[in-house]
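The numbering of the sequence shown is the working numbering, which starts it at -14 and goes up by one. Think of the CB as a built atom: it goes at the ideal place given N, C-alpha and C, for glycine as much as any other residue. In what follows, a structure is listed as structure tokens, so that the remarks can point back to it.
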Amino acid sequence: MERSTETKQKADLRDYLAAERTFLAWIRTGLALMGFGFVVARFGLFLRQLQFFRQPGSASSTGLSLWFGTALIAAGVLVNLSSARRHVQLVRELDKAETEGSRSLIPALATALFLTLVGLAMAIYLVSVRGSANIESQNIKEKTMAPATTTTPETSKGIISKPSNHSVEKTVEKLKTVLQSKEVTLFAFVDHSGEAAKIGMKMPPTKLLIFGTPKAGTPLMLAAPSIAIDLPLKILVWEDNQGKVWVSYNSPEYLKQRHGLPEELLQNVSIIETLAVKAAE
């Protein structure tokens, strides 16, 4: 009689297999938490890199995702440890045939509640990040690159920009007239915006005039052969995002310093300032 009772109470193989499946399910849950936590933590780094490329020098932080990711990884570790402990305890109970009819629901409920809270926090965080990104994008779009009335070579890398009182087309026509009156040869005219329109792209009116005279340019190249890379002289007539028209050219002083021009030959490139002023007035 005692023998049959012993056989009846002994755990079946299916009980051990069920316990093992439960244990593996908890292990997968822990691994999923750790993997997802790693992705969330790296997401913060991605946001910082993206913000740096969009706005170099920005020191703003998006480190909350690092804390979310770390919390998820820690939760995954705890789930694995807890499941291992519960599995060992359950196997021992099965060996002794002392298993209880019901098990504690606290670990499962705690894990579900924790994931719910983390999910809500991440949703709020992502919405706030997206909102701030949209505001920043709008601010950047509204900013213009309008230069000052007369910029110095130090602040504009050798480029001087002057505002024009006319449209791009009118300014270009005036400049062509001035060049003709001073017997300066117009070697080339490049309509950048027109070429862009030919391939279906749109850009504000942007036109480049390349001009000069051998009489002025040859002495420059004999004194400093490298200046040939900046000759003939160039004037860019362009319109910014606010519809303002500008006349831009290389500063004569910048060309002098860049190529080591003699002081007595500076006047050969200084005429560009006179031409720009007459075209813009």
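Item to check | Backbone CA spacing between K128 and A69 [nearest angstrom] | outcome: Its pLDDT being 47, under 50, K128 is placed unreliably in this model, and the coordinates cannot settle the point.
Next on the checklist: Given a cut-off of 8 Å on the beta-carbon distance, is the pair I212 and H244 in contact?
Outcome noted: yes
Checklist entry - Can you tell which of T198, Q165, R6 has its C-alpha closest to the C-alpha of L218? => result Nearest of T198, Q165, R6 to L218, Cα basis: T198.
Checklist entry - Would you say V262 and K142 are within 8 Å of each other, going by their C-beta atoms? => result no
Next on the checklist: So, for A4: in the same chain, excluding its five sequence neighbours on each side, which residues have a beta-carbon less than 6 Å away from its beta-carbon?
Outcome noted: L75
Next on the checklist: Less than 8 Å between the beta carbons of Q61 and L102, yes or no?
Outcome noted: One detail in the question is off: residue 61 reads as Gly in this sequence, not Gln. Cβ atoms of G61 and L102: not closer than 8 Å.
Item to check | Three-way DSSP call (helix, strand, coil) for K336 in this model | outcome: In the structure displayed, the chain extends from -14 to 266; residue 336 sits before or after that span and is not available.
Item to check | Closest by C-alpha distance to I257, when choosing among E224, A201, L207, K81 | outcome: A201
Checklist entry - Closest by CA to W267, which one among F172, T191, Q165? => result Examination of residue 267 is not possible in this model, given that the chain is present from -14 through 266 alone.
Checklist entry - Rounded to the nearest angstrom, how far is the Cβ of F28 from that of H72, given a contact under 8 Å? => result Rounded to whole angstroms, the Cβ separation of F28 and H72 is 33 Å, and the two are not in contact under 8 Å.
Next on the checklist: Which same chain residues end up closer than 6 Å to L221 when comparing Cβ atoms and leaving out the 5 residues on each side of it in sequence?
Outcome noted: The answer, listed in chain order, is L193, S233.
Item to check | Proximity of T170 and A264 at Cβ, strictly below 8 Å | outcome: no
Item to check | Buried or exposed by the 16-neighbour rule on C-beta atoms within 10 Å, applied to I184 | outcome: exposed
Item to check | In chain order, each beta strand (DSSP E) run of at least 3 residues that lies wholly inside the region 162 to 190 | outcome: Scanning the region 162 to 190 from its first residue to its last, the whole beta strand (DSSP E) runs of 3-plus residues come out as 170 to 176.
Item to check | Buried/exposed call for I58, threshold 16 Cβ in 10 Å | outcome: By the 10 Å Cβ count, I58 comes out buried.
Next on the checklist: Let me confirm a value: A226 is counted as buried when at least 16 other C-beta atoms fall within 10 Å, else exposed. Which label applies?
Outcome noted: The residue you asked about is not Ala; residue 226 is Asn in the sequence shown. The residue in question, N226, is exposed, as its Cβ has fewer than 16 Cβ neighbours within 10 Å.
Item to check | Distance CB(L207)-CB(V254) smaller than 8 Å | outcome: Contact: no.
Item to check | Residue closest to T259, alpha-carbon to alpha-carbon, out of S67, S166, K229 | outcome: S166
Checklist entry - How would you label G228, buried or exposed, when you count the other beta carbons within 10 angstroms and need 16 or more for buried? => result exposed
Checklist entry - Does the separation of the CB atoms of D215 and L250 fall below 8 Å? => result no
Checklist entry - Which residue's Cα is closest to the Cα of V175: E168, F196, S50? => result F196
Item to check | Contacts around T14, its chain only, beta-carbon distance under 6 Å, and the 5 residues preceding and following it disregarded | outcome: Cβ within range, chain order: V64.
Next on the checklist: On the criterion of 16 or more Cβ atoms from any shown chain inside 10 Å, does G22 qualify as buried, or is it exposed?
Outcome noted: buried
Item to check | Residue span of the alpha helix (DSSP H) that contains L221, given as start and end | outcome: Per DSSP, L221 belongs to no alpha helix (DSSP H); it is in the beta strand (DSSP E), 218 to 224.
Checklist entry - Considering only the beta carbon of each residue, do V153 and W223 sit closer than 8 Å? => result Yes; because the gap between Cβ atoms is below 8 Å, this pair is in contact.
Checklist entry - If you count every other CB in all the chains shown that lies within 10 Å of the CB of T187, and 16 or more means buried, which is it? => result Note that residue 187 is Lys in the sequence shown here, rather than Thr. K187 is exposed by the Cβ-count criterion.
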